[in-house]
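Engineer: First the structure, which I've put down as structure tokens, then a few questions once you've had a look.
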Amino acid sequence: MKALPPCLRSASSRHGLVQNHALQRRQQLPIATAVLCSTHSKSGRRSFSVLNRPPPNYPGHVPLTGLERAALAVGSGIVSFLDPYRGDMIAALGEATASPYFIERLRRAMLASPTGRRILRDRPRITSSSLNLPRLRSLPARTVGGTYVAWLDREGVSPDTRSSVRFIDDEECAYVMQRYRESHDFYHALTGLPIVREGEVALKAFEFANTLLPMTGLSMLAVATLRPAERRRFFAVYAPWAVRNGLRGDEVINVYWEEEMETDVDALRRRLGIERPPDLREIRKREREERRRVKEGAAAQAVAS
Amino acid sequence: MGSIVLSGRQLQRPLSSLCRSCSRRLLPRLSRSYAAVSSQQPDIYDVVCVGGGPAGLSLLTALRSNPTTAGLRVALVEAQDLEKVRSWKLPPDRFSNRCSSLTPASAQFLDNVGAWAHLHRDRVQPYHEMQVWDGVTDARIEFEWTPPAAGKTIAYMTENLNLTSGLLRRIDELGGVTVFNSARVAGISFGEETEDLDLREWPVVHLASGQRLAARLLVGADGANSPVRAFAGIESRGWDYERHGVVATLELEGEGWGGDAMKIAYQRFLPTGPVAMLPLPGNLSTLVWSTTPANAALLKSLSPKDFVALVNAAFRLRPVDLEYMHTISSGQEEELAWRLQHTQFNRRAIPQTVVGVQDGTIASFPLKMRHADTYIGERVALVGDAAHSIHPLAGQGLNQGQGDVESLARTIEFSVSHGQDLGTRMSLESYNSERYGPNHVLLGVCDKLHKIYSAGSGPLVPLRSLGLSAINALGPVKSFFMEQAAGNGIKLF
């Protein structure tokens with residue numbers, strides 16, 4: 592999901608890393624007002640056909656019929672299973688399966704929390720320019736900002752690789768989806784899970800338990816593509832961790848990341864009720880070395896005998 | 463049973479069928495002639511009604527207006543000052559916050575006893591359509607009469623004070639009721655046996671002023687904490703809902719979507735309880751919002767503009783938004799303005815926007831379910847709230863009381879015209895059997911509706927929406943419920 596070429600958002604990187612309020616405002620999804628209070632009932636909205644597509648509810652919106660939505664879900668699901676690096680396909684799968692219910696549930700979770708409501712009101716967008724990465728690099732390593740930027744640098748990814756939401760009909764729910772997508776990297780930073788396939792699967796399991804978005808649940812099917820040792824580790828360590836913390840912890844969608852940059856990351860984990868899982872990168876490194884030692888030992892033995 | 467075996471002593475009791483003038487002539491002589499023997503001789507009445515609320519006043523009006531029962535010697539004992547009720551008057555644009563919905567059946571009864579004409583009719587608002595919906599799923603049921611009966615009245619919204627003052631005026635017109643005004647009941651006990659009167663089985667009401675009233679039939683119309691019920695040893699069972707009903711008189715932006723001729727009542731079921739807006743004349747409406755005691759306390763503490771915003775939100779926003787708006791002590795208006803941009807609803811299916819609330823009309827009262835084990839005892843009958851308390855979600859509380867009164871008055875009339883002692887349990891039996899069943903069913907239905915709609919999530923939510931939509935789609939079933947609610951449906955029990 593991370594490896595999408597950063598060509599989509601070249602505009603924001605061209606604007607450099609200047610904290611520009613006007614820019615930030617333009618990046619927020621515009622609020623469509625008058626149309627919403629119209630007499631369109633839910634059933635009325637579903638009755639359109641391919642030939643008679645209604646106008647978009649927000650810029651970039653693509654209204655889909657139920658059949659199209661199902662086809663999109665199946666198609667994007669198959670492609671992203673075969674190639675987990677197709678971030679656009681995973682995004683489309685997420686949008687096609689989020690409604691009805693799931694994205695509304697996530698919005699409800701946000702509306703139930705004062706911070707979540709503030710996020711929905713302000714509609715901040717996370718990009719490299721809005722985050723001011725050089726400032727984050729100057730923060731201590733213990734802070735959320737420091738951890739996040741260290742994680743970005745370690746994994747070699749940028750926050751500007753997120754595509755815009757297109758297939759969710761309600762414009763506020765579309766923002767919720769956008770926010771989830773843009774916060775995803777912070778979840779990596781919060782849990783310390785790497786973007787290798789095993790780490791992604793573990794994080795998706797955590798997200799599924801926490802956000803209930805079906806795409807995150809479907810992504811767990813990728814556990815079938817893991818190596819047997821990784822799969823064993825997933826079921827023994829990371830799946831129980833994900834379920835326990837995802838369900839017990841607060842809704843991570845309600846973290847106003849922009850305001851938490853200077854917070855101690857352990858304090859934030861404590862506040863959310865989330866324990867840090869065993870460092871997957873460390874484990875994998877240790878195992879690799881172990882394997883190499885075993886192999887070398889075997890080779891040495893073979894030479895000796 | 464005692465009334466059948468007429469012993470010599472019992473024959474000396476004043477007969478129930480004695481005309482008023484006779485008994486009046488008889489009684490002073492009785493008390494006078496025996497004053498030397500016993501100065502404590504109580505005043506003897508055929509019917510003593512404790513409580514001058516809608517139920518008590520309706521009963522006395524019914525008894526006095528019926529030629530058969532007009533001869534009974536009746537008394538009313540009321541703890542509060544009825545003068546205030548009698549002289550009750552508000553400017554035409556101000557309305558009391560305690561309003562009730564009177565079904566056509568109740569209105570017909572009030573008309574039969576001659577009281578309906580004494581109400582300020584310009585303050586009574588009939589409504590013709592009802593919109594009821596689920597706040598969680600938006601499943602909706604629309605009660606509107608189908609063409610042959612289109613525009614028929616579902617119920618009349620009436621201020622309780624308009625009703626009681628109208629009844630009082632009718633009683634004054636009929637005359638013949640001994641009223642003990644502002645009279646506190648100090649106690650109720652059985653009478654004593656004297657040489658010529660055996661009052662040992664007769665309840666005697668002791669007033670704080672020292673007067674004593676012996677009653678052939680003591681009627682408890684004295685509310686939920688009925689002293690008469692306590693005297694009769696009748697247990698009242700049920701539970702508290704842990705909810706309060708918040709009432710207020712609201713000013714709307716207009717006369718309603720149907721204009722003045724076609725008024726609509728609205729009710730939305732929220733997980734905390736139903737919120738209802740019922741039409742009053744002009745651009746006014748009355749609010750009945752069943753909610754948690756904490757929310758009720760907050761509603762009462764809000765500034766008028768935030769209160770109005772929260773009422774508007776209650777009919778428009780999602781439960782999650784409402785829940786949040788109940789956690790802040792101000793700023794509901796701004797919160798509503800923001801959330802309205804992101805909430806879809808059909809403007810014409812919900813009440814018009816509230817623009818103001820009348821000063822001093824926001825109040826609340828606790829909600830409970832209670833049902834007395836029986837409505838009758840020997841020489842005791844309970845009516846109205848003394849017999850039952852119901853959740854206000856169907857607006858049936860006052861109508862149940864009117865139904866009780868109508869039935870009890872008919873029972874008394876039967877006893878009088880057949881020469882029976884009207885106070886004995888046997889004479890009263892038909893009242894109890896006629897009213898207990900229907901009241902119990904209605905109490906149960908409202909109780910279950912409250913419980914079903916208290917769930918904010920879970921499997922019950924889709925099921926109840928399915929049920930509501932199904933009833934909405936089935937015309938005859940819906941008509942049946944409407945006829946039942948209007949009080950003119952077929953008698954089921």
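So the protein sequences, as listed, match chains Z and G. When the letters of the first sequence are read in order and numbered with our numbering, they come out as residues 592 to 896. When the letters of the second sequence are read in order and numbered with our numbering, they come out as residues 463 to 955. Idealized CB from N, CA, C, for every residue including glycine. In this text the structure is predicted, and so the values were computed from the model without any measurement.
Name the chain G residues whose beta carbon is nearer than 7 Å to that of Arg714(Z)?
Structural biologist: In the first sequence, counting from the first residue as 1, residue 714(Z) sits at position 123. Those do not exist, as Arg714(Z) stays about 11 Å from chain G at its closest Cβ, beyond 7 Å.
Engineer: Under 8 Å, do Met739(G) and Pro854(G) count as touching if we go by C-beta distance?
Structural biologist: One-based indexing of the second sequence puts residue 739(G) at position 277. One-based indexing of the second sequence puts residue 854(G) at position 392. It is not a contact, given that the beta carbons lie outside the stated cut-off.
Engineer: Under the assumption that Phe825(Z) contacts Glu789(Z) (Cβ atoms under 8 Å), give the Cβ distance between them as a whole number of angstroms.
Structural biologist: Position 234 of the first sequence, counted from the first residue, corresponds to residue 825(Z). Position 198 of the first sequence, counted from the first residue, corresponds to residue 789(Z). Right, the Cβ-Cβ distance comes to about 7 Å (below 8 Å), so this counts as a contact.
Engineer: Anything in chain G within Cβ reach of Glu763(Z), meaning under 8 Å, just list it in chain order.
Structural biologist: Position 172 of the first sequence, counted from the start, is the residue given in the question as residue 763(Z). Simply His804.
Engineer: Work out the CA separation of Ile616(G) and Pro781(G) for me, nearest whole Å.
Structural biologist: As a position in the second sequence, residue 781(G) is number 319, starting the count at 1. As a position in the second sequence, residue 616(G) is number 154, starting the count at 1. Those two C-alpha atoms are separated by around 29 Å.
Engineer: Starting from Tyr728(G), find everything on chain Z with Cβ-Cβ shorter than 7 Å and list it in chain order.
Structural biologist: Counted from its first residue, the second sequence places residue 728(G) at position 266. By Cβ distance, chain Z contributes nothing, its closest Cβ being about 17 Å from Tyr728(G), past 7 Å.
Engineer: Just grab the DSSP bridge partners of Arg705(G) for me.
Structural biologist: Residue numbering aside, residue 705(G) sits at position 243 when the second sequence is read from its first letter. In the DSSP output, where bridge partners are listed per residue, Arg705(G) has Leu829(G).
Engineer: Distance check for Ala780(Z) and Ser729(Z), CA to CA, integer angstroms please.
Structural biologist: Within the first sequence, the letter at position 138 stands for residue 729(Z). Within the first sequence, the letter at position 189 stands for residue 780(Z). So the two alpha carbons sit approximately 17 Å from each other.
Engineer: Using alpha carbons as the reference points, say which of Val748(Z), Ala895(Z), Val792(Z) lies closest to Ile823(Z).
Structural biologist: Position 232 of the first sequence, counted from the first residue, corresponds to residue 823(Z). It should be pointed out that residue 823(Z) corresponds to Arg in this sequence rather than to Ile. Nearest C-alpha to Arg823(Z): Val792(Z).
Engineer: Chain G beta carbons: is any one of them nearer than 8 Å to that of Ala664(Z)?
Structural biologist: Taking the first sequence and counting its residues from 1, the one referred to as residue 664(Z) is at position 73. With 8 Å as the cut-off, Ala664(Z) does not count as an interface residue toward chain G.
Engineer: Between Asp870(Z), Glu880(Z), Asp841(Z), which has its C-alpha nearest Leu803(Z)'s C-alpha?
Structural biologist: Here the question's residue 803(Z) lines up with position 212 in the first sequence. The shortest Cα separation from Leu803(Z) among Asp870(Z), Glu880(Z), Asp841(Z) belongs to Asp841(Z).
Engineer: What residues from chain Z crowd round Val782(G), counting only those whose CB sits closer than 7 Å?
Structural biologist: Locating residue 782(G) in the second sequence gives position 320, counting from the first residue. Those within 7 Å of Val782(G) in chain Z are Arg699, Leu702, Ala703.
Engineer: Going by Cα to Cα distance, which pick from Ser927(G), Cys908(G), Asp505(G) is closest to Leu661(G)?
Structural biologist: Taking the first residue of the second sequence as 1, we reach residue 661(G) at position 199. That would be Asp505(G), whose Cα lies nearest to the Cα of Leu661(G).
Engineer: For Val670(Z), I'd like the list of residues in its chain whose CB is within less than 8 Å of its CB, leaving aside the five on either flank, ordered along the chain.
Structural biologist: Here residue 670(Z) corresponds to residue number 79 of the first sequence, with the count starting at 1. Closer than 8 Å at Cβ, skipping near neighbours: Arg677, Met680.
Engineer: With a cut-off of 8 Å, does the C-beta of Arg770(Z) fall near any C-beta of chain G?
Structural biologist: By 1-based counting over the first sequence, the position of residue 770(Z) is 179. Not an interface residue.
Engineer: Starting from Ser752(G) and walking both ways along the beta strand (DSSP E), at which residues does that stretch end?
Structural biologist: Along the second sequence, one-based indexing puts residue 752(G) at 290. 746-753 is the extent of the beta strand (DSSP E) around Ser752(G).
Engineer: Answer with yes or no whether the minimum CB distance from Glu785(G) to chain Z is below 8 Å.
Structural biologist: Walking along the second sequence from the start, residue 785(G) turns up at place 323. True, the Cβ-Cβ gap to chain Z drops below 8 Å.
Engineer: Keeping to the same chain, check which residues put their C-beta closer than 8 Å to that of Leu922(G); ignore five residues upstream and five downstream.
Structural biologist: Start at 1 with the first residue of the second sequence, and residue 922(G) comes out as number 460. Excluding sequence neighbours, Leu922(G) sits near Ile914.
Engineer: So Val667(G) and Phe652(G) are in contact, right, with Cβ under 8 Å, and what is the actual spacing, rounded?
Structural biologist: Along the second sequence, read from residue 1 onward, the residue named residue 667(G) stands at position 205. Along the second sequence, read from residue 1 onward, the residue named residue 652(G) stands at position 190. The Cβ separation is near 11 Å, so there is no contact.
Engineer: Taking Trp800(G) as the query, report the chain Z residues whose CB atoms sit under 8 Å from its CB, ordered along the chain.
Structural biologist: What you label residue 800(G) is simply residue 338 of the second sequence in a count that begins at 1. In chain order: Arg712.
Engineer: Can you name, in chain order, every residue of its own chain whose Cβ lies under 6 Å from the Cβ of Glu591(G), other than the five neighbours on each side?
Structural biologist: Translated into positions along the second sequence, residue 591(G) becomes position 129. So the list reads Glu606, Ile726, once near-sequence residues are dropped.
Engineer: With DSSP collapsed to three states, give me the class of Met739(G).
Structural biologist: Counting from one through the second sequence, the residue named residue 739(G) turns up at place 277. DSSP places Met739(G) in strand when its eight states are reduced to three.
Engineer: Report the rounded CA-to-CA distance for Met701(Z) versus Ala758(G), giving the unit in angstroms.
Structural biologist: By one-based count along the first sequence, residue 701(Z) stands at place 110. By one-based count along the second sequence, residue 758(G) stands at place 296. If I take the Cα positions, the gap works out to 25 Å.
Engineer: I need the DSSP call for Ser688(G), collapsed to helix, strand or coil.
Structural biologist: For this step, residue 688(G) is matched to residue 226 along the second sequence. Note: Ser688(G) maps to coil in three-state DSSP.
Engineer: Pick helix, strand or coil for Glu868(G), following the three-state DSSP scheme.
Structural biologist: Position 406 of the second sequence, counted from the start, is the residue given in the question as residue 868(G). Note: Glu868(G) maps to helix in three-state DSSP.
Engineer: Could you check the C-alpha separation between Arg691(G) and Leu863(Z) for me, to the nearest Å?
Structural biologist: The count along the second sequence starts at 1 and reaches residue 691(G) at position 229. The count along the first sequence starts at 1 and reaches residue 863(Z) at position 272. Near 56 Å, if we compare the C-alpha coordinates of Leu863(Z) and Arg691(G).
Engineer: Would DSSP call Ala849(G) helix, strand or coil?
Structural biologist: In the second sequence, counting from the first residue as 1, residue 849(G) sits at position 387. DSSP places Ala849(G) in coil when its eight states are reduced to three.
Engineer: Once you ignore the five residues that flank Trp742(Z) on each side, which residues in its own chain have a CB closer than 7 Å to its CB?
Structural biologist: For the purposes of this step, residue 742(Z) is identified with residue 151 of the first sequence, where counting begins at 1. The answer, listed in chain order, is His779, Ala780.
Engineer: Please name the residue, chosen from Val735(Z), Arg712(Z), Thr734(Z), Phe797(Z), that lies closest to Glu762(Z) on a Cα-to-Cα basis.
Structural biologist: Translated into positions along the first sequence, residue 762(Z) becomes position 171. Answer by Cα proximity: Arg712(Z).
Engineer: What's the gap between the Cα of Asp783(G) and the Cα of Thr815(G)?
Structural biologist: Position 321 of the second sequence, counting from 1, holds the residue named residue 783(G). Position 353 of the second sequence, counting from 1, holds the residue named residue 815(G). So the two alpha carbons sit approximately 18 Å from each other.
Engineer: According to DSSP, simplified to helix, strand and coil, what is Pro504(G)?
Structural biologist: Position 42 of the second sequence holds residue 504(G). The answer is coil: DSSP assigns Pro504(G) none of H, G, I, E or B.
Engineer: Just list the residues that DSSP pairs Tyr676(Z) with in beta bridges.
Structural biologist: Locating residue 676(Z) in the first sequence gives position 85, counting from the first residue. Paired residues: none, contrary to the question.
Engineer: With 9 Å as the limit, tell me which residues of the segment 801-833 of chain Z have their beta carbon closer than that to any beta carbon of chain G; keep them in chain order.
Structural biologist: Residues: none.
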